Each structure stands twice: as C-alpha cells, then as structure tokens.
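Have a look at the structure below, then the notes.
In the UniProt record's numbering, the protein residues as written are 1 to 474.
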C-alpha cells in the first residue's frame, strides 16, 4: 500500500518541474526573439537556433516563423544574413552537413556544419506555410528541363562533381517534401548554363567589392599587358611560374625559408571556382626574424575577373604578443581592352586589445604599402604596362603630401600670372604661405609623435630583453 502513495506524492513534483522547464524554455525563446529582432532579423518568433558556418565563418542560424537569420561576429567583423520565406525559391541538402538556399533574386547561400540537418528541415517545413511566397513558375522550369535530363546526367558523370544534391525542398505556395526522390532527378532539375554561371560571377564580384569597400587602397588601376586574368595567374601566382611570389619574396625582399604549398580546391569556402594555398616564410623585422604565414584564396568570378584574398599573420615580433593582429588584403584582377587592371585594398584587423594599437597599425600599414611598392616595381620589370602608371601605386607618404602639392601648384600658377596684378594678390599669397608653413609644422609634429611612440616600443623591447628571471636571482 505504500508504493501507490509514493507515486501520488511524486506526481505533483514532476508536474511542477515540467511547468518550470516549459516556462524557462518560453522565456529563453522570447529573449532570443528580441535579440534577433534587434540585430535586424525576421519579425517572427524564433523557434530554433543552431550552430553553423557561412564562408568559413562560424555563427548561429536562427529559424523563426517568418524566415531564416544567420549572425556571426568574428573579431568585431559582423555578418548578418536575413532570408524571409517569401524570398526563398528552393532549399537543397548538399554533401552531408550543408544546406544551399536559393532566392527568387538569384542569390545563393550555402550554410555548413549542421549537427542535425534533418531536424532543422523539419522545423522549416512546420513554419513555411505562414509566409506568402511570390508566385514563381517553378513547375514550368522543371518541365522544360526534363528534356535536358539525359544531357545533364551525362555532364555530371563526366565532371564527377562531389556536390551531389540528395534532397530538394521546393517552395511554391508550400514546401513540398521530396526526401524520397532520386538524386539524379534532383540534379537534372537545375542544369548549369552559361547565363547562370555569368550571373553568379557578377554577384560574387559585387560581394567581394562590397566587402573591401571601406579598406585602404594600395594599388589603384594598375594596367598590365596580360592577355587575361588567367594569364596574370599563370605568370605570377602559379607555383611553377617564372615570376612567382617565391621569386619576389626571395630575390626582391630577401625573405628566407620560404615554403609554398600547392594550390588546392577550397571546399570550405563553398565556391566551386575557389582554390587556396598557404605560404610560410621568415622576414627580417628590425633586429629580429619574424615568421609570416600567408593564406591565399583565389576565386574566379566569370571568365574576365578574379580575386585573390590574402590573410597574413606575423609572429615573433618583440613587444607584440602573438595573435594580436593580422593583415587582410584583396587583389581585384579584371580583364580590360588592352590587358588587365589590378586593384589592391587592405586593412589591419586586431584580435586582441592592446595599448600599442595605433603604433602597430601605423607600422603595419607602412610596411604593407612598402611591400606593394616593391611588388609594383617587380610587376613593371616583368611585364611592360600598357599605359602610364604614375598614380597606380599609393606611396606611404602620399596621403600626407597631397595638400602641400595643391598649395604649391596654386602658388606657382599665381606667380606665373602677370606682374601687374601680383601685388593685388599679396594678401592671398601671404595667407597661403602661412597655411603651408602651419601644415608643414603639423606634419613634423605628427612625425615626431610617431617617432616617440616607436622609441617607446623599442624601449619596451629592450626592457623585456634585459629582465632577469627570478629563478636566476635565487
């Protein structure tokens, strides 16, 4: 008789615990929903959030009743992607842990590294009917493409691509469930033609330009007599090229212990036309040898344009903790009528807080500009430019001298005027002279300030090197 009483007494406790867990879950869901809305996500309630990655950047994907929202914050660099259900044309599973989302605007988003992709799709199917998608003639496209199924299957077999699409979720008012469809049928629905590839290349190019929009320019509109962007790659970026980066680093910069890995297909980036490699070498920085790691990703954006992204990290600099910063730059290579045009942009990213941030940034920026000045000369020696290149490279001191050059030019034009009106402009001449002197003094003060900071950094390095360990004193 005692056991039934025990069960009756335990039942209210379980009920209270269940209610508490439900309330906690609802509270967490409401809190997450408000956070996502504040970040610019969909207005619906968040019902699920999972960890995933986009373009090798780890973040979280939030599933709401109105759409999808991806957010990541890596070292202060935010990425926000909002996709409402009424914008989604199709969602497909690729590989084993990835999803590709295609929108009615022609955009494609590949999210990777899902732990439970099936559960995520189940949640999407549950809430997709709350949206009112735009009517897209998907059925007609599928019917037209079935005539090309045999040719498409043959093309896929020949290329042996590893991105087999095993499940398709189409949105045409509702998301249909096609988990049991054959892989070849799904692949045959979306044959890749030249027009789609060209549009994808344009979209990729625009995204890359937008990413580096606020970065500093190192090389501007450098014209080179190469036949195409591929010709530039074959001449300077191939491992076995006669004028490869290995030659530039060793012969021009004097770097040592250069190890250049071979180009490999960059599967992690999600771009079918991307390849990557890593370069390790040692570079003399002051009186020390710094170890440099340069990660390169080369991506083709159609037949006439390509982009080289570099992420450079340096270790072994005295006074600067390892992993404090890294330099990121992009080379935009575009075919033109008389060759190719090269533009380079860069910026310094900090991964740790430091009191020497301004000193490190100024020094890294100066060395980066000097690096590209030498690389510009290297390119001119190897390939004859197709036009004047006086303004192609931006000198480290050019940004400080533009105003002085403008004032001097105006002064020369003023003195070259007729002598009869020279005295009439004497006040203007005096004002310009004073302004020029004041500006030069300001430049000298800024140079002195940077020199003082540099001396402080050197003194800090000396103090660090002269510190006697306590074990030796004991």
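Beta carbons are placed, not taken as given, at the ideal position from N, Cα and C, and that holds for glycine. None of these values were measured; they are calculated from a predicted model.
| Asked | Found |
| --- | --- |
| Can you tell which of 315, 265, 329 has the C-alpha that lies nearest to the C-alpha of residue 300? | 265 |
| Measuring alpha carbon to alpha carbon, tell me which residue in 364, 316, 343, 255 is nearest residue 229. | 343 |
| Between the beta-carbon of residue 69 and the beta-carbon of residue 42, is there less than 9 Å? | yes |
| By DSSP, does residue 119 sit in helix, in strand, or in coil? | helix |
| How many angstroms separate the CA atom of residue 97 from the CA atom of residue 28? | 27 Å |
| Would you grab the beta carbon distance between residue 306 and residue 298 for me? Rounded to a whole angstrom, and I think it's under 8 Å. | 7 Å |
| Near residue 347, which residues of its chain fall below 7 Å by C-beta distance, leaving aside the five closest residues on each side in sequence? | 215, 216, 328 |
| Does the stretch 351-358 come into contact with the stretch 321-338, if we say contact requires no fewer than three beta-carbon pairs (one atom in each stretch) closer than 8 Å? | yes |
| So what does residue 280 bridge to, in DSSP terms? | 259, 293 |
| Identify, in the order they occur along the chain, each residue of the same chain with its Cβ nearer than 7 Å to the Cβ of residue 57, setting aside the five sequence neighbours on each side. | 72, 74, 79 |
| Evaluate the contact criterion for the stretch 225-244 versus the stretch 357-371: three or more CB pairs, one atom per stretch, below 8 Å. | no |
| Report all residues from its chain with a CB closer than 6 Å to the CB of residue 289; omit the five preceding and five following residues, and keep chain order. | 282 |
| Sort out for me which residues DSSP pairs residue 227 with in a bridge. | Paired residues: none, contrary to the question. |
| Using a Cβ-Cβ cut-off of 7 Å (strictly less than) and excluding sequence neighbours within five positions of residue 39, which residues of its own chain qualify? | 71, 80 |
| Could you name the residues of the same chain whose beta carbon sits closer than 8 Å to that of residue 304, not counting the 5 residues immediately before and after it, in chain order? | 228, 229, 334, 335 |
| Cβ atoms of residue 292 and residue 234: under 9 Å apart, would you say? | no |
| Could you pull the DSSP bridge partners for residue 234 from this structure? | Beta-bridge pairing links residue 234 to no other residue. |
| Please report how far the alpha carbon of residue 246 lies from the alpha carbon of residue 382, in whole angstroms. | 14 Å |
| Determine the burial state of residue 315: buried for a count of at least 16 other Cβ atoms within 10 Å of its Cβ, exposed for fewer. | exposed |
| If we call anything under 9 Å between Cβ atoms a contact, is residue 67 one with residue 223? | no |
| In terms of residue numbering, what span does the beta strand (DSSP E) encompassing residue 379 cover? | Segment 357-382 is the alpha helix (DSSP H) holding residue 379; no beta strand (DSSP E) there. |
| Have a look at residue 313 and residue 211 and give me their C-alpha separation to the nearest angstrom. | 20 Å |
| Report the three-state DSSP secondary structure of residue 339 (helix, strand or coil). | strand |
| From the DSSP output, in three-state form, read off residue 114 for me. | coil |
| On the three-state DSSP scale, how would you describe residue 250? | helix |
| Return yes when the Cβ of residue 310 is within less than 9 Å of the Cβ of residue 77, no when it is not. | no |
| What residues in its chain sit with their C-beta under 6 Å from that of residue 280, if we drop five residues either side in the sequence? | 259, 293 |
| I'd like to confirm something about residue 81: is its beta-carbon nearer than 8 Å to some heavy atom of the ligand ZN, or not? | As for the ligand ZN, it is missing from this structure, which has no ligand bound. |
| Per DSSP, residue 318 is paired with what? | None; residue 318 has no bridge partner. |
| Can you tell me where the beta strand (DSSP E) with residue 48 in it begins and where it stops? | 46-54 |
| Using a 10 Å radius around the Cβ and a threshold of 16 neighbouring Cβ atoms, would you call residue 87 buried or exposed? | buried |
| Could you pull the DSSP bridge partners for residue 328 from this structure? | 311, 347 |
| Return helix, strand or coil for residue 107, following the three-state DSSP convention. | coil |
| Tell me whether residue 441 sits in a helix, a strand or coil according to DSSP, three-state version. | helix |
| So if DSSP puts residue 274 in a beta bridge, which residue, or which two residues, is it bridged to? | 299 |
| With a Cβ-Cβ cutoff of 9 Å, do residue 127 and residue 63 count as a contact? | yes |
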